[in-house]
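Numbering follows UniProt numbering, with no gaps: position 58 of the sequence shown is 58.
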Amino acid sequence: MHRAYQPLKPSTNKYIQQKWDQSNYEQHRRKVSTAVPVVDTKGIRTPAHMALKLKKRQLEQERLTIIERDNQLLSSKLADIMCSKGYVDDRNDYPERSLNAARRMEQMRLVTHQNQAILQRIRSQQSEYRRRNWEEHWEQAECRRDDIARYPCGLTNQQRPRRKVLLGARERRDTSTESASRQLSSETSGGMSSRTQSELAESPSP
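Put into C-alpha coordinates, the structure is as follows:
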(Lines of atoms letter the chains of each structure in order from A; the text may use other names.)
(Lines give C-alpha, C1' and ligand atoms only; values in the text may rest on other atoms or scores of the structure.)
Protein backbone atom coordinates (compact mmCIF):
# COMPACT_ATOMS: atom_id res chain seq x y z
CA MET A 1 0.00 0.00 0.00
CA HIS A 2 2.88 2.41 0.79
CA ARG A 3 4.19 2.06 -2.74
CA ALA A 4 0.95 3.51 -4.13
CA TYR A 5 1.11 6.48 -1.75
CA GLN A 6 2.09 9.77 -3.36
CA PRO A 7 3.61 12.26 -0.84
CA LEU A 8 3.39 15.99 -1.41
CA LYS A 9 7.14 16.40 -1.15
CA PRO A 10 9.79 14.04 -2.50
CA SER A 11 11.08 11.50 0.02
CA THR A 12 13.51 8.58 0.01
CA ASN A 13 11.14 6.26 1.93
CA LYS A 14 7.44 6.34 1.06
CA TYR A 15 6.48 4.02 3.91
CA ILE A 16 7.92 6.25 6.64
CA GLN A 17 6.60 9.37 4.93
CA GLN A 18 3.08 7.91 4.91
CA LYS A 19 3.25 7.20 8.66
CA TRP A 20 4.44 10.73 9.41
CA ASP A 21 1.72 12.29 7.30
CA GLN A 22 -0.95 10.12 8.95
CA SER A 23 0.19 11.07 12.47
CA ASN A 24 0.30 14.76 11.54
CA TYR A 25 -3.25 14.57 10.14
CA GLU A 26 -4.60 12.87 13.28
CA GLN A 27 -2.92 15.47 15.48
CA HIS A 28 -4.45 18.24 13.38
CA ARG A 29 -7.94 16.74 13.71
CA ARG A 30 -7.54 16.51 17.50
CA LYS A 31 -6.57 20.17 17.68
CA VAL A 32 -9.53 21.15 15.51
CA SER A 33 -11.98 19.18 17.66
CA THR A 34 -10.65 20.72 20.88
CA ALA A 35 -10.27 24.25 19.55
CA VAL A 36 -12.13 27.04 21.37
CA PRO A 37 -13.93 29.63 19.17
CA VAL A 38 -12.83 33.22 19.53
CA VAL A 39 -16.39 34.58 18.95
CA ASP A 40 -19.11 33.50 21.45
CA THR A 41 -22.12 32.39 19.35
CA LYS A 42 -24.20 31.00 22.23
CA GLY A 43 -27.64 32.40 23.08
CA ILE A 44 -28.44 34.69 25.96
CA ARG A 45 -28.93 32.88 29.22
CA THR A 46 -32.50 32.97 30.51
CA PRO A 47 -32.80 34.82 33.84
CA ALA A 48 -33.78 32.77 36.85
CA HIS A 49 -36.85 34.88 37.72
CA MET A 50 -38.26 34.32 34.22
CA ALA A 51 -37.70 30.56 34.33
CA LEU A 52 -39.25 30.08 37.77
CA LYS A 53 -42.23 32.51 37.32
CA LEU A 54 -42.59 33.14 41.02
CA LYS A 55 -45.47 35.61 40.58
CA LYS A 56 -47.58 33.07 38.70
CA ARG A 57 -46.93 30.45 41.35
CA GLN A 58 -47.93 32.92 44.06
CA LEU A 59 -51.24 33.75 42.33
CA GLU A 60 -52.03 30.07 41.81
CA GLN A 61 -51.32 29.34 45.46
CA GLU A 62 -53.60 32.19 46.57
CA ARG A 63 -56.40 30.95 44.32
CA LEU A 64 -56.12 27.42 45.69
CA THR A 65 -56.13 28.80 49.24
CA ILE A 66 -59.35 30.75 48.60
CA ILE A 67 -61.04 27.70 47.05
CA GLU A 68 -60.03 25.52 49.98
CA ARG A 69 -61.35 28.09 52.49
CA ASP A 70 -64.70 28.33 50.65
CA ASN A 71 -65.00 24.55 50.58
CA GLN A 72 -64.38 24.35 54.30
CA LEU A 73 -67.04 27.00 55.00
CA LEU A 74 -69.54 25.20 52.78
CA SER A 75 -68.86 21.82 54.37
CA SER A 76 -69.26 23.33 57.86
CA LYS A 77 -72.61 24.87 56.87
CA LEU A 78 -73.83 21.57 55.44
CA ALA A 79 -72.79 19.78 58.61
CA ASP A 80 -74.71 22.32 60.74
CA ILE A 81 -77.81 21.89 58.57
CA MET A 82 -77.65 18.10 58.81
CA CYS A 83 -77.23 18.20 62.60
CA SER A 84 -79.96 20.81 63.24
CA LYS A 85 -83.65 20.47 62.41
CA GLY A 86 -83.69 23.66 60.36
CA TYR A 87 -85.50 26.95 60.80
CA VAL A 88 -87.45 26.99 57.51
CA ASP A 89 -90.73 25.10 57.04
CA ASP A 90 -90.39 23.46 53.64
CA ARG A 91 -93.38 21.11 53.96
CA ASN A 92 -95.86 21.48 51.09
CA ASP A 93 -99.27 20.40 52.40
CA TYR A 94 -101.37 22.15 49.73
CA PRO A 95 -102.33 20.31 46.52
CA GLU A 96 -100.86 21.28 43.20
CA ARG A 97 -103.03 23.37 40.91
CA SER A 98 -102.57 25.25 37.70
CA LEU A 99 -102.64 29.03 37.69
CA ASN A 100 -104.53 29.33 34.38
CA ALA A 101 -106.83 26.30 34.62
CA ALA A 102 -109.94 28.51 34.80
CA ARG A 103 -108.86 30.41 31.70
CA ARG A 104 -108.30 27.19 29.76
CA MET A 105 -111.71 25.86 30.80
CA GLU A 106 -113.35 29.10 29.69
CA GLN A 107 -111.63 28.90 26.32
CA MET A 108 -112.70 25.26 25.95
CA ARG A 109 -116.34 26.16 26.71
CA LEU A 110 -116.21 29.00 24.20
CA VAL A 111 -114.78 26.76 21.47
CA THR A 112 -117.40 24.07 22.20
CA HIS A 113 -120.20 26.63 21.99
CA GLN A 114 -118.88 27.94 18.67
CA ASN A 115 -118.59 24.42 17.27
CA GLN A 116 -122.16 23.64 18.29
CA ALA A 117 -123.38 26.83 16.61
CA ILE A 118 -121.52 25.99 13.40
CA LEU A 119 -122.93 22.45 13.42
CA GLN A 120 -126.46 23.78 13.92
CA ARG A 121 -126.07 26.19 11.00
CA ILE A 122 -124.73 23.42 8.77
CA ARG A 123 -127.63 21.11 9.62
CA SER A 124 -130.26 23.83 9.13
CA GLN A 125 -128.85 24.92 5.78
CA GLN A 126 -130.73 23.58 2.76
CA SER A 127 -128.87 22.18 -0.18
CA GLU A 128 -128.64 24.27 -3.32
CA TYR A 129 -128.83 21.15 -5.50
CA ARG A 130 -132.35 20.06 -6.48
CA ARG A 131 -132.44 16.34 -6.95
CA ARG A 132 -136.04 16.35 -8.15
CA ASN A 133 -135.17 18.77 -10.95
CA TRP A 134 -132.24 16.62 -11.95
CA GLU A 135 -134.47 13.54 -12.17
CA GLU A 136 -137.05 15.40 -14.27
CA HIS A 137 -134.36 16.66 -16.63
CA TRP A 138 -132.96 13.15 -16.95
CA GLU A 139 -136.39 11.74 -17.76
CA GLN A 140 -136.87 14.40 -20.43
CA ALA A 141 -133.46 13.60 -21.88
CA GLU A 142 -134.34 9.90 -22.03
CA CYS A 143 -137.63 10.69 -23.79
CA ARG A 144 -135.83 12.82 -26.39
CA ARG A 145 -133.22 10.09 -26.86
CA ASP A 146 -135.94 7.48 -27.45
CA ASP A 147 -137.68 9.78 -29.94
CA ILE A 148 -134.61 10.41 -32.08
CA ALA A 149 -133.15 6.90 -31.78
CA ARG A 150 -133.18 4.73 -34.91
CA TYR A 151 -133.69 1.50 -33.04
CA PRO A 152 -135.81 0.97 -29.94
CA CYS A 153 -133.95 1.13 -26.65
CA GLY A 154 -136.17 -1.28 -24.75
CA LEU A 155 -134.31 -4.41 -25.81
CA THR A 156 -130.98 -2.81 -24.99
CA ASN A 157 -132.19 -1.92 -21.52
CA GLN A 158 -133.42 -5.47 -21.02
CA GLN A 159 -130.12 -6.98 -22.15
CA ARG A 160 -128.08 -4.57 -20.05
CA PRO A 161 -127.06 -6.34 -16.79
CA ARG A 162 -127.95 -4.52 -13.61
CA ARG A 163 -125.26 -4.08 -11.00
CA LYS A 164 -126.01 -5.67 -7.66
CA VAL A 165 -124.08 -5.22 -4.47
CA LEU A 166 -125.63 -8.18 -2.69
CA LEU A 167 -124.26 -11.70 -2.88
CA GLY A 168 -125.18 -13.75 -5.91
CA ALA A 169 -125.34 -10.76 -8.27
CA ARG A 170 -123.59 -12.65 -11.04
CA GLU A 171 -126.21 -15.42 -11.05
CA ARG A 172 -129.07 -12.90 -11.24
CA ARG A 173 -127.34 -11.09 -14.12
CA ASP A 174 -126.97 -14.38 -15.98
CA THR A 175 -130.65 -15.24 -15.53
CA SER A 176 -131.76 -11.76 -16.66
CA THR A 177 -129.52 -11.99 -19.74
CA GLU A 178 -130.87 -15.41 -20.65
CA SER A 179 -134.48 -14.23 -20.27
CA ALA A 180 -133.81 -11.17 -22.43
CA SER A 181 -132.18 -13.28 -25.14
CA ARG A 182 -135.09 -15.70 -25.09
CA GLN A 183 -137.58 -12.86 -25.40
CA LEU A 184 -135.60 -11.36 -28.28
CA SER A 185 -135.45 -14.68 -30.10
CA SER A 186 -139.17 -15.24 -29.61
CA GLU A 187 -140.01 -11.76 -30.91
CA THR A 188 -137.70 -12.23 -33.87
CA SER A 189 -139.18 -15.61 -34.76
CA GLY A 190 -142.72 -14.22 -34.39
CA GLY A 191 -141.92 -11.29 -36.63
CA MET A 192 -140.38 -13.53 -39.24
CA SER A 193 -143.37 -15.90 -39.26
CA SER A 194 -145.89 -13.05 -39.64
CA ARG A 195 -143.77 -11.58 -42.44
CA THR A 196 -143.67 -14.87 -44.35
CA GLN A 197 -147.43 -15.28 -43.96
CA SER A 198 -148.09 -11.79 -45.32
CA GLU A 199 -145.74 -12.37 -48.24
CA LEU A 200 -147.47 -15.65 -49.07
CA ALA A 201 -150.86 -13.93 -48.92
CA GLU A 202 -149.78 -11.09 -51.20
CA SER A 203 -148.03 -13.29 -53.75
CA PRO A 204 -150.27 -14.22 -56.80
CA SER A 205 -151.29 -17.78 -57.15
CA PRO A 206 -149.89 -19.61 -60.23
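Every residue gets a Cβ at the ideal spot worked out from N, C-alpha and C, and that includes glycine.
When you compare only the Cα positions, how much space is there between residue 82 and residue 76?
Here residue 82 is taken as the residue at index 82 of the sequence shown, counted from 1. Here residue 76 is taken as the residue at index 76 of the sequence shown, counted from 1. Residue 82 and residue 76: Cα-Cα distance of roughly 10 Å.
Anticipated Cβ contact below 8 Å, residue 3 with residue 14, distance rounded:
For this step, residue 3 is matched to residue 3 along the sequence shown. For this step, residue 14 is matched to residue 14 along the sequence shown. Between residue 3 and residue 14 the beta-carbon gap is near 6 Å, inside 8 Å, which marks them as a contact.
Nearest-angstrom Cα distance between residue 48 and residue 23?
The count along the sequence shown starts at 1 and reaches residue 48 at position 48. The count along the sequence shown starts at 1 and reaches residue 23 at position 23. Cα to Cα, the separation comes out at about 47 Å.
Starting from residue 9, follow the alpha helix (DSSP H) in both directions and report where the run begins and ends.
By 1-based counting over the sequence shown, the position of residue 9 is 9. Here residue 9 belongs to no alpha helix (DSSP H), and DSSP marks it neither H nor E.
Straight-line CA distance for residue 151 to residue 130?
The residue given as residue 151 occupies position 151 in the sequence shown. The residue given as residue 130 occupies position 130 in the sequence shown. Within the model, the alpha-carbon separation for residue 151 versus residue 130 is close to 32 Å.
Span of the alpha helix (DSSP H), counted from its first residue to its last, around residue 128
Along the sequence shown, one-based indexing puts residue 128 at 128. Careful: residue 128 lies outside any alpha helix (DSSP H) and carries neither H nor E.
Report yes if the C-beta distance between residue 21 and residue 7 is below 8 Å; otherwise report no.
On the sequence shown, position 21 is the one that residue 21 refers to. On the sequence shown, position 7 is the one that residue 7 refers to. The criterion of a C-beta distance shorter than 8 Å is satisfied by residue 21 and residue 7.
Same chain only: Cβ atoms within 8 Å of residue 71, ignoring 5 sequence neighbours per side:
One-based indexing of the sequence shown puts residue 71 at position 71. Around residue 71: no qualifying Cβ.
Output the boundary residues of the alpha helix (DSSP H) element that contains residue 71.
Here the question's residue 71 lines up with position 71 in the sequence shown. From DSSP, the alpha helix (DSSP H) with residue 71 extends over 54–83.
Pairwise C-alpha distance: residue 126 and residue 114:
Position 114 of the sequence shown holds residue 114. Position 126 of the sequence shown holds residue 126. Computed Cα separation, rounded: 20 Å.
Reduced DSSP secondary structure (H/G/I, E/B, other) of residue 40:
In the sequence shown, counting from the first residue as 1, residue 40 sits at position 40. Residue 40 falls in the coil class under three-state DSSP.
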